[in-house]
Every structure is written in structure tokens, then in C-alpha cells.
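Chains as they are written, first to last, in full-length UniProt numbering: chain C, 1 to 564; chain U, 1 to 564. Glycine included, each C-beta is placed from N, C-alpha and C at the ideal position. Since this is a predicted model, take the numbers as computed values, not measurements. The next block holds one structure in the form of C-alpha cells; read it before the comments.
There are 2 protein chains.
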Amino acid sequence: MRPFCAARARLRCQGGIGLMSPRVPSASIGAPLFGGSLSRNTRRRRPSVSSAPFRFRFTSAASTKVDVQKGGKGQKHKGGKGHEEGVTPRSEDFGKWYLDVLKAAELADYGPVRGTMVIRPYGYAIWEQVQSWLDTEFKRTGHQNCYFPQLIPYSFIEKESNHVEGFSPELALVTQGGGKELEEPLVMRPTSETMVNHMFSQWVKSYRDLPLLVNQWCNVTRWEMRTRPFVRTLEFLWQEGHTAHSTAEEAEEETVRMIRMYEEFATKMAAMPVVTGRKSKIESFAGADCTYTIEAMMGDKRALQAGTSHNLGQNFAKAFDIKYLDQDGELKHVHQTSWGVSTRMVGGIIMSHGDDKGLKLPPFLAPIQVVILPIGKKEDQLKAVNACAQEVHDALQASGIRCKVDSSTGKSPGWKFNYWEMKGVPVRIEIGARDLETNSCVVARRDKPGKDGKTFGVPVESESLANLVKSTLASIQDGMLEEAKQFRDSNIVDVATYEELKAAVEEGKWARGYWVGSDELEEKIKEETGATLRCFPFEQPAGDGQCFMTQAEAKEVAIFAKSY
Amino acid sequence: MRPFCAARARLRCQGGIGLMSPRVPSASIGAPLFGGSLSRNTRRRRPSVSSAPFRFRFTSAASTKVDVQKGGKGQKHKGGKGHEEGVTPRSEDFGKWYLDVLKAAELADYGPVRGTMVIRPYGYAIWEQVQSWLDTEFKRTGHQNCYFPQLIPYSFIEKESNHVEGFSPELALVTQGGGKELEEPLVMRPTSETMVNHMFSQWVKSYRDLPLLVNQWCNVTRWEMRTRPFVRTLEFLWQEGHTAHSTAEEAEEETVRMIRMYEEFATKMAAMPVVTGRKSKIESFAGADCTYTIEAMMGDKRALQAGTSHNLGQNFAKAFDIKYLDQDGELKHVHQTSWGVSTRMVGGIIMSHGDDKGLKLPPFLAPIQVVILPIGKKEDQLKAVNACAQEVHDALQASGIRCKVDSSTGKSPGWKFNYWEMKGVPVRIEIGARDLETNSCVVARRDKPGKDGKTFGVPVESESLANLVKSTLASIQDGMLEEAKQFRDSNIVDVATYEELKAAVEEGKWARGYWVGSDELEEKIKEETGATLRCFPFEQPAGDGQCFMTQAEAKEVAIFAKSY
């Protein structure tokens with residue numbers, strides 16, 4: 001067995017498919033890491049989730065003798081104190097805020113193995129929303145799902161690494177199976193190009209077999225040293241699309257189609273106004289002729305690569321000998337693409353929109369779009385408001401709105417307000433005993449704090465209420481996108497000199513300037529400022545300009561920023 | 001590191017969750033195995049799928065100079081010869097027939113690592129139908145999806161194996177990560193009880209946290225020696241539900257609810273008339289108080305365990321110290337269940353219904369319920385029939401019917417008939433030039449060969465056609481279930497003596513008889529006949545009887561059969 005750790009490169013960037021950056025070491029992340037040394041701490045108890053301030057279950061129960069929500073300490077959750085025990089303010093420590101939100105909103109938890117995570121039901125429900133939209137679009141555009149084995153013969157990886165300069169994934173190796181040492185170690189897939197192309201070479205014979213458009217939803221494993229839940233973990237979930245085409249034009253069309261699909265998802269569904277563009281040579285997937293990316297600006301202004309699409313040209317086709325007999329009777333290599341979006345997207349949504357109150361979900365992706373809170377003290381009051389809440393629930397659900405009644409006992413309305421704000425639910429409907437008298441309710445928006453976000457005296461009439469809720473959800477969605485756009489645009493600085501870039505990056509901003517610099521200069525910027533070339537945006541200013549570094553004439557601007 | 005291969009038992013039965021049979025060695029499978037020695041053959045070319053008789057792509061193409069469907073040999077597919085090149089007759093060699101169908105219907109292919117498989121798009125689409133129904137039902141009954149890490153510290157498995165007598169999964173071990181030897185090897189999950197219970201012990205504190213109802217869709221890895229695509233593979237896909245409850249009654253209710261859900265799926269959706277029942281002590285999940293199973297009869301009369309549900313009692317709760325503070329102020333261990341269905345179900349569907357023409361899919365699960373074939377020779381004819389086919393397609397699709405137009409060129413109608421029969425599509429609509437004159441079409445059923453299954457002169461009027469198609473699909477579904485029921489019932493023999501059982505098993509049938517025999521006698525039957533105790537059916541004859549082995553009074557009948 002040849003040493004597998006010899007090559008220089010790291011396989012990273014799980015926001016997209018196997019982006020290999022041969023000369024770019026892993027970005028240092030300022031925020032706290034999760035997980036410690038693997039072997040010594042595998043059984044170490046992680047902080048119990050039940051110590052989160054808003055620990056809470058949907059299952060209602062009769063009035064209690066003992067309340068053990070707070071780690072069995074018998075502490076009661078009365079009154080609206082929840083927010084005081086809330087998350088670290090975002091402005092104070094973004095990294096800590098992020099981890100606090102993951103815990104308090106019950107999105108994810110630490111796995112026992114360093115760098116792994118458990119995606120809890122609420123976090124997973126967001127991922128299911130991501131999957132649902134993307135999967136529908138993949139199928140609408142002719143892609144079919146399938147499943148390739150996770151275990152890849154080590155020789156395949158060697159084959160790829162011979163072909164692709166500097167490829168050295170951070171691999172997890174299976175060396176024992178069924179009680180025996182394996183003769184050849186097996187690799188847990190870090191991405192599936194080798195496996196897929198091995199199969200494609202068997203499936204593709206004729207031009208009739210093309211285009212071949214497949215996708216798989218699966219887990220992948222990369223031995224990351226610096227991890228952060230959702231953003232970069234040892235194991236993560238993603239989809240990886242793999243296609244083969246008869247012409248270069250078709251492959252390029254597909255590559256652009258898929259990055260535009262990701263862009264549409266990010267913008268329309270996640271309210272994340274990404275910058276779509278082309279990666280520099282250094283930042284591209286080393287096996288690709290060209291890599292496209294969507295780059296999103298997080299709340300701390302760092303860039304997050306949220307999805308990538310690669311035009312692989314004929315590179316893999318030649319390495320794996322994927323040829324088809326064309327109509328003209330000639331054998332030709334196929335042209336290929338691959339593209340991916342991962343659970344990192346969930347991290348992007350959290351870091352794009354969250355605030356000091358916790359998670360803030362874009363309505364179109366929120367697993368619960370509306371939470372309905374019946375409020376009353378006496379038993380007969382409760383009975384009446386609960387019945388009304390259920391009616392409202394049924395009416396909204398029938399209109400296609402995802403909603404939930406929280407009629408749990410033992411929690412004050414204030415506690416519940418905070419809890420559901422922490423969970424990022426876009427709209428809250430309050431139904432109190434007095435509202436019942438006028439057959440009305442209160443509709444509150446997550447995006448506007450206090451009375452500004454509340455509409456009082458809304459008639460509880462199913463059709464009009466459903467319409468109001470729908471337009472409110474749409475308005476919140478629009479508002480979130482608009483706010484994120486403004487935030488992004490106000491934090492992109494046009495730079496004409498390297499000094500200006502340094503100043504912009506120093507401020508944490510994105511720097512945009514004309515660029516025709518060499519790979520070496522790109523590396524120099526990274527070393528000196530910590531910023532990397534995120535992309536050459538598709539959307540370019542009119543006309544040419546002068547490279548901010550070399551003063552040479554340049555046709556394109558590039559964006560530089562610190563990133564996750 | 002302790003040896004992990006020392007214990008006696010094998011973790012097997014991927015039709016359900018981690019069923020451990022400490023004293024039952026893996027069943028010998030008569031049919032050809034797939035895959036050879038791992039290390040020597042990892043790059044060996046598997047039989048190319050494109051040599052399958054019905055190799056075919058949906059993408060239509062202009063008329064061809066060269067046709068390379070048959071492995072580039074330029075062989076043309078004209079005429080209706082397809083069926084002559086078809087699969088091995090089922091009655092001749094069931095095992096060979098199964099593998100032929102997998103290939104010809106493009107359901108699965110061999111992975112490069114011994115015992116792994118690629119689930120091809122058509123096979124995966126069936127799995128997606130399985131997932132869709134089950135996932136909806138899981139959620140309707142209050143379960144939430146989540147995701148637990150795949151890598152389990154070896155010490156967790158040891159902990160479980162200390163607790164559970166005889167537990168020794170066939171493990172795949174990760175011993176190297178990121179270029180370094182790990183201090184403690186990590187296990188690729190063979191099932192997730194250890195991981196889940198590690199997390200449950202952190203999440204469950206109060207009675208308010210119960211019931212805790214989660215499920216995950218994921219891959220699992222078991223180092224199986226004898227494999228068969230879909231039925232038993234090194235890696236497979238499944239769902240595993242895990243729940244915790246405050247009372248034993250609730251846990252038992254849940255266990256039964258889930259096996260009944262599987263039974264409903266098998267019967268209603270897969271047209272597989274399973275026998276639902278309780279496993280014997282030997283065949284139960286060793287960590288469970290009780291295991292329920294659904295047992296289906298395949299076309300060769302072997303039993304297939306298609307899903308299991310375990311009442312785990314407090315066994316895992318005690319091993320992992322999962323306690324909650326009850327309303328009475330006392331700390332109590334939870335009561336747990338787990339349950340699972342895997343891609344084995346797809347194998348079960350194939351082996352339940354397929355015939356010499358190939359796959360036969362139950363309409364409710366068929367990814368394509370109706371294939372529409374426009375038939376014409378001249379260009380203007382083709383244009384007209386294609387337009388009509390598209391109209392029919394749109395009308396059926398609007399009615400919620402999954403359908404597809406095959407207007408590909410270069411194939412004869414006969415070839416297409418065979419191809420779509422091989423793919424098991426329940427209904428075929430033929431639209432020829434002459435049909436157009438009377439604005440009608442021909443509706444053909446997959447389940448009735450020849451003219452018997454054809455209805456001629458069906459008016460192409462969207463509503464009436466959609467209604468006819470729907471009732472035809474329902475009728476096919478009913479017919480398939482009825483046929484499978486009759487096949488099953490006519491192959492279950494009531495036995496009163498061991499001699500009768502031996503004779504029944506010899507004939508390949510299932511033997512049903514009163515049973516109160518010991519574990520030793522159960523083993524003896526297995527050793528002497530190859531048949532195992534499949535279950536004590538929920539549905540029992542009235543009254544008691546005499547054990548066919550010991551002549552002691554017995555309250556229940558049990559079913560014995562050879563199995564996959």
C-alpha cells in the first residue's frame with residue numbers, strides 16, 4: 001500500500017463537490033471548534049442539550065409536581081425569562097452565538113466522535129426542505145436519482161490522484177472487515193467521482209446513452225481537522241450530481257444550469273443573495289476545466305461557498321476511459337460535469353439570518369411557518385382558546401401552510417414567545433380569551449420585534465386569515481432577502497489598489513476589484529490578508545479596468561474575502 | 001484493542017433492524033453469489049450492463065448510422081426479438097432469473113468492492129416509492145426524522161456486546177483517518193442502537209421528553225460473506241426508527257403499530273401478502289424482549305423477512321443509563337423500541353411478482369405506471385401519433401398517474417413491448433395510425449399476456465381514459481395481491497408430525513404446526529431440514545393443539561420455512 005498522505009492537497013469545501021485546492025491550506029476558523037482528540041474523548045459527555053435555555057417538548061402533559069427541564073435541577077420555566085438565558089449576542093461573539101443557536105434551537109448536537117454531529121429533528125427538517133426543492137428541480141430537468149456504494153477501492157483513489165495533480169483527500173480508511181485485515185484498504189467516499197466514473201465507463205457505449213444525468217443523496221466522509229457543525233464536519237450529507245454529455249457545449253450548459261439552480265434556490269428559498277461566479281484556477285476543483293460557485297455573505301461578513309458546479313471537461317473521461325460511439329462512427333470521450341450542495345446550506349441559512357433572539361428562518365424553508373399559541377388561565381378559557389387554535393390550525397393547513405399549535409402547559413406565554421422566536425418560526429398567532437370575544441387573533445412577525453411586528457384584531461375567518469398569513473409570509477421572505485442584499489452590498493468595497501483591499505479585508509468586508517494577477521499574487525494576498533479569491537462574478541461592471549495589484553489592463557473584477 | 005471477531009453470533013437479517021441470531025449461522029443461499037475475493041478483484045470489470053438484452057435509453061435521437069446498444073458490436077434491435085434474448089426462465093433457475101432481471105430491467109449493478117451494489121435509477125425509483133409511503137406514515141404517527149453519525153467508537157460496540165449476550169456484528173473498521181492511525185478504531189454503523197442510545201441518554205431527562213420518536217434514513221454496513229443484490233449486501237439503505245417511552249404498555253403499542261404499518265405497506269402497496277408474527281427466542285434481536293416480523297413468500301417459496309419491529313424493553317435503557325424523572329418524582333428507565341425496513345424490500349417485490357417476461361411491478365409502487373407507445377412508420381403518421389401520445393400523457397399526468405411516452409426511434413413496437421414488460425410497467429397504451437382515425441387507443445395489461453390483457457378501441461378522451469386507466473391499475477394491484485395470496489396459501493402446509501414437516505420443507509413449502517419445542521429442537525429442525533422458525537403468526541387457529549415435535553399441548557402454531 002502506498003502512503004496516502006503524501007500529496008500536498010486537501011480535499012475540502014463541502015459546500016460543493018470535492019473542491020480541491022492544491023496550494024490552499026485549510027482556512028483557519030476563529031470561532032470555537034467542536035470536538036477534541038478522537039481517541040481519548042470518544043465517550044466524553046458533550047454538554048447536555050437539555051441544559052439549553054429553551055429545552056421544551058411538544059408533548060403536552062398534565063400539571064407537574066416536578067419540572068426537570070433544566071437538567072433535572074427542578075427549575076421551573078415560568079415567566080418570560082427565557083430570553084435572558086438566551087444566546088450569546090451575535091455582535092459579541094459570532095462563533096459562540098452560532099453554537100448557542102444550534103443548541104438552543106435544537107438544530108444539532110455533538111456526536112461522540114470528534115468532528116461529527118447529530119442532526120436533530122428540527123435541523124433535519126430544514127434539510128428536508130432543502131432536499132425537497134432541489135430534488136424536484138433535479139427531476140424536472142431530467143436527472144434521475146441512484147445510489148453508488150460508499151466504499152471505494154484504494155486503487156481508484158490512487159488512479160484519480162495520479163490523474164489529478166495534487167489530489168490528496170483527507171481519507172478515512174477501512175482496513176478490517178468481518179474480522180480480517182483487508183488486502184487493499186477501502187476508502188469511505190469523500191466524493192464519488194472515481195466510483196461514478198468507474199460505472200459510467202461500463203454504462204456509456206453509444207451516443208444514445210447520452211446525456212447521462214444522475215444524482216445521489218448520501219453521506220460523505222472527510223477527515224477535517226477544524227470542524228464546525230453544518231459548516232465543516234467529518235461526515236456530512238449532500239447531493240452529488242454527475243453527468244456525461246456528447247459535446248463540450250452541452251456540458252458547459254449543464255454546469256451553468258446547475259449553478260443557476262443553486263443560485264435560484266439560495267435567493268428564492270433561502271433568502272440568501274449569493275454572488276454567483278467562476279472560481280480562480282487555484283480555487284477550482286483540480287480535475288475541472290472550470291468551477292462555478294455561489295458565495296454567500298454570513299452575518300459576520302465571512303464568505304460561505306454554498307454550492308459548486310464543475311465542468312470536468314474530458315479529464316475524468318480520459319482517466320477512466322469513458323468513450324462512446326458517435327453517430328459518425330467514431331469513438332469519442334464524453335464531456336462531464338459534477339455539482340453539489342450539502343448540509344452546509346443549513347449552516348448558511350442560520351448564519352445569514354439569525355439574530356440575538358436566535359434562529360430566523362426564511363418562511364419558504366421554515367418547517368413550521370406559523371405557530372399558534374392559545375393563551376388562557378382558567379380551565380374553561382383554555383378549552384375555548386385551544387379549540388379555536390385547532391380550528392385556525394386546520395384552516396391554515398388546508399391552505400398549504402405548515403403550522404403547529406403549542407397548547408403545552410406549564411409554560412408562560414412569554415416563555416413560549418421566546419422559545420418559538422429562538423426556533424425562528426416566521427409567524428406567531430396568539431389567541432387569548434379576550435380575542436375570542438371579538439372572534440379575532442393577533443398575528444406577530446418574527447422579523448419585526450415588539451408591537452411593530454404585531455397586527456391586532458385579525459378576524460379568525462379561515463379564508464381571510466389564510467390569505468393574510470400567506471401575504472405576511474411572502475412579505476417576510478421578501479424582507480429577509482432585501483435585508484440580506486443590503487447587508488451584502490453595503491459590505492462589498494470596490495478597490496483600486498492593494499492597500500484598499502487590505503483596508504477592506506481588515507474591516508471584515510469583501511473587496512471587489514479588477515484582477516489579472518498571477519497565482520503567486522493570489523497566494524500572496526491570502527498569506528498577507530487571510531482573504532481568498534472567492535470568484536469572478538458572472539455580473540460584471542461594464543468595460544475594462546486596471547488590475548488593482550499589477551495595474552495591467554483587466555477585463556474582469558474578482559471578489560476577495562475571508563471565508564469559512 | 002480487543003478482538004472483535006471472537007463472539008459467536010452474526011448480525012444479520014437486513015430486512016429488519018439488527019436482528020441478532022446468536023446460534024443461527026448465516027443461511028446458505030443456493031443461488032449464485034455476486035462478487036469475488038475483495039482485494040484481488042476490486043478492479044475486475046463486472047459484466048457490462050450494456051450487454052443486457054433490453055439496453056435502451058429514454059433520450060431519443062435522430063436515425064442512426066451505427067447502433068451500438070450491444071456493447072459496441074453494432075448489432076441492431078429491430079423486430080420483436082427482445083424476449084428471445086430475455087431472462088433465464090424463472091422455473092428453470094430462480095437465482096439466475098433474479099440476477100438476469102436485475103440486469104435486464106436496469107435495477108442494479110455490481111459495485112467494484114465485493115458484495116456492494118449500485119442501485120441504478122430505475123431500482124432507486126422503486127426505493128423512493130417505498131420511502132415516500134413509509135415516510136408519510138412515520139410522520140403522520142408523530143415520528144421525526146433526524147441523522148446520527150455513521151462512525152461509532154469501538155468502545156460503544158463493546159459496551160453493547162457486553163450487555164447483549166452473543167452480539168458480534170460483522171463489522172467494518174476504520175483504523176486510519178487523515179493519514180494517521182487512530183488510537184481507537186471506529187465502526188461503520190451496522191445499526192445505530194449504540195449511537196442513538198448514547199444520545200438519548202443526554203436528551204431524556206423528564207417524562208415531558210417522552211415519548212421520543214425518531215427515525216433516520218441512512219446507509220449501514222455489514223460484512224456479509226454471502227451476498228445477493230438488494231437481499232443481502234455489504235452496504236444497504238434502510239430506515240431505522242428508535243423510540244423511548246415512559247411505560248411498557250406504550251412501548252408494546254408502538255412495536256405493534258410499526259409492524260402493522262409494515263404489514264399494511266407490504267400488503268396494500270407492494271401486493272406482498274406477508275405473514276405477520278412474533279419471532280422465536282432464537283430468531284429475535286438479542287437485545288429485545290420481543291421481535292415482530294413480516295415474512296413474505298418469494299416466487300421460489302423461500303421466506304423473506306421483509307421488516308422487523310423490536311420491543312427492546314428496558315435492556316438498552318439500563319445499558320446506556322437512560323432515565324427520566326417521572327411525575328411522581330422518581331427516576332425510571334425508559335422503555336424502548338426500534339424497527340426497520342431496507343432496500344431488501346425492493347428485492348422482495350422483484351421476487352414476489354416477477355415472471356419469465358421480467359419484472360412485474362405493483363401499480364401503486366411502479367415509478368412508471370403507464371407507458372404510452374406511439375406507433376407509426378411514415379413521418380406524418382409519426383408526427384400525429386406522437387402528438388396524440390403527448391396529449392394522453394398530459395391528461396393522465398394531470399390525473400395523478402405516473403406515465404411516460406416512449407417515442408424513441410430505431411426500435412420496433414415489438415422490441416418496445418418486450419422492453420417495457422421487462423421493466424414491469426403495469427399498463428401500456430398503444431396509439432397507432434389506425435387508432436387515430438377512430439380517436440382511440442389500445443390499453444394493455446402487464447399481468448395478462450397477449451390479447452386477453454388488451455382492450456381495443458378505447459376512446460382517447462382524457463377523463464374517461466384516465467378513469468379507465470385508474471381502474472385498470474387498481475384491478476392489476478388487486479389481482480397481484482390475490483395471486484400472491486393464493487400462491488402463499490397453497491404453499492403453506494399444516495403439519496402434525498415432524499415427518500410431515502420434513503416432507504413439506506422438502507417440497508419447498510412452508511410448514512405450519514403447533515409448537516412448544518425447546519430451542520434445541522428448533523436448532524435440530526434447522527440442522528436437519530434447513531428450515532427456520534419464521535414466526536408465530538398473529539393470526540392463529542381457534543383452540544389449542546399438540547406440538548408436532550413433542551406432542552405436548554401447545555397454544556400456538558409456528559411457521560417453519562427455508563429463507564433468504
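For glutamate 430(C), write down the residues that DSSP places opposite it in a beta bridge.
Leu373(C) and Val442(C)
Could you work out which residue in Ile119(U), Arg257(U) and Arg189(U) is closest to leucine 213(U) when comparing CA atoms only? Taking leucine 213(U) as reference, the option from Ile119(U), Arg257(U) and Arg189(U) with the minimal CA-CA separation is Arg257(U).
Between the segment 192-206 of chain C and chain U, which residues of the former have CB atoms less than 7 angstroms from a CB of the latter, in chain order? Cβ contacts with chain U come from His198, Met199, Gln202, Trp203, Lys205 and Ser206.
Practice prompt. Using a Cβ cut-off of 9 angstroms, pull out every chain U residue sitting near glutamate 128(C), in sequence order please.
Written response: Asn145
Review point. What are the start and end residues of each continuous beta strand (DSSP E) run of 3 or more residues lying completely inside the segment 233-268 of chain C, in chain order?
Key: 235-245
Through-space distance from tyrosine 498(C) to tryptophan 217(U), alpha-carbon basis
One C-alpha to the other measures close to 50 angstroms.
Give me, in chain order, the residues of the same chain whose beta-carbon lies closer than 7 angstroms to that of glycine 30(C); leave out the 5 immediate sequence neighbours on both sides. Residue placement at glycine 30(C) cannot be trusted, given a pLDDT of 32 that sits under 50; the coordinates are not used to answer.
Exposed unless 16 or more other CB atoms sit within 10 angstroms - verdict on glutamate 437(U)
Classification for glutamate 437(U): exposed.
*Under three-state DSSP, which class holds threonine 291(C)?*
strand
Of the listed residues Phe548(U), Ser563(U) and Tyr564(U), nearest to valine 557(U) (C-alpha basis)
Its Cα nearest to that of valine 557(U), the residue Phe548(U) stands out among Phe548(U), Ser563(U) and Tyr564(U).
* Asked: With 8 angstroms set as the bound, which would you pick, yes or no: does the beta-carbon of valine 405(U) sit closer than that to a beta-carbon of chain C?
  -> Chain C contact via Cβ: absent.
ask   = With C-beta atoms as the reference, is methionine 117(C) less than 8 angstroms away from tyrosine 124(C)?
value = no
- Message: Please list the terminal residues of the continuous alpha helix (DSSP H) segment that includes arginine 512(C).
- Response: That residue, arginine 512(C), is in no alpha helix (DSSP H); its beta strand (DSSP E) goes 510-514.
Does any CB atom of chain C fall closer than 8 angstroms to the CB of phenylalanine 138(U)?
It does not: the Cβ of phenylalanine 138(U) has no partner Cβ on chain C nearer than 8 angstroms.
TODO: Run down chain U in chain order and give the residues with a C-beta less than 9 angstroms from the C-beta of threonine 175(C).
DONE: Going along chain U in sequence order, the residues near threonine 175(C) (Cβ under 9 angstroms) are Leu173, Val174, Thr175, Gln176 and Pro185.
(request) To the nearest angstrom, report how far apart isoleucine 559(U) and glycine 348(U) are at their CA atoms. (result) 19 angstroms
- Taking only beta-carbon positions, decide if leucine 151(C) is within less than 8 angstroms of chain U. yes
Given isoleucine 431(U), which residues of its chain have a CB within under 6 angstroms of its CB, disregarding the five upstream and five downstream residues?
Pro374, Val385, Cys388, Ala389 and Cys441
Should the segment 533-540 of chain C be regarded as contacting the segment 275-287 of chain C, the criterion being three or more beta carbon pairs within less than 8 angstroms? yes
In the DSSP output, what is methionine 117(C) paired with across the bridge? Tyr110(C)
Practice item. Would you grab the beta carbon distance between glutamine 239(C) and glycine 340(C) for me? Rounded to a whole angstrom, and I think it's under 8 angstroms. Key: Indeed, because the Cβ distance is near 6 angstroms, the residues count as touching under 8 angstroms.
Name the residues in the segment 227-255 of chain C whose C-beta lies less than 8 angstroms from a C-beta of chain U; which are they?
-> Leu234, Glu235 and Leu237
Beta-carbon proximity of threonine 221(U) to proline 190(U), cut-off 8 angstroms
yes
#### Entry: Beta-bridge pairing of phenylalanine 560(C) - partner residues as DSSP gives them
Here phenylalanine 560(C) is bridged, per DSSP, to Ala511(C) and Leu533(C).
**Report entry** Contact under 8 angstroms by Cβ, lysine 404(U) with isoleucine 368(U)
**Finding:** yes
Would you tell me roughly how many angstroms separate the C-alpha atoms of valine 130(U) and phenylalanine 456(C), rounded to the nearest one? Their Cα atoms are separated by approximately 46 angstroms.
Compute the beta-carbon to beta-carbon distance between phenylalanine 200(C) and alanine 244(C), rounded to the nearest angstrom, for a pair I have assumed lies under 8 angstroms. 6 angstroms
Option nearest phenylalanine 487(C) by Cα separation, candidates Ala366(C), Lys318(C), Asp300(C) and Trp515(C): Asp300(C)
- Task: Please state if the CB of leucine 304(U) and the CB of tyrosine 564(U) are separated by a distance shorter than 8 angstroms.
- Result: yes
task: Would you mind stating whether glutamine 397(U) and tyrosine 207(U) have Cβ atoms separated by less than 8 angstroms?
output: no
- Under the rule that 16 or more other beta-carbon atoms within 10 Å means buried, what is arginine 43(C), buried or exposed? Confidence at arginine 43(C) is low in this model, with a pLDDT of 29, below 50, so its placement is unreliable and the value that follows should be read with caution. Flag for arginine 43(C) reads exposed.
Q. With 16 as the cutoff for other CB atoms within 10 Å, does leucine 234(U) come out buried or exposed?
A. Leucine 234(U) comes out buried.
Query raised in the report: Quick one, are the C-beta atoms of isoleucine 126(C) and leucine 365(C) less than 8 angstroms apart?
Result: yes
Exercise for the section: Please state whether DSSP places asparagine 491(C) in a helix, a strand or coil. Expected result: Asparagine 491(C) falls in the coil class under three-state DSSP.
For this session: Could you tell me if methionine 269(C) is buried or exposed, where buried requires 16 or more neighbouring beta carbons within 10 angstroms of its beta carbon?
Result: Label assigned to methionine 269(C): buried.
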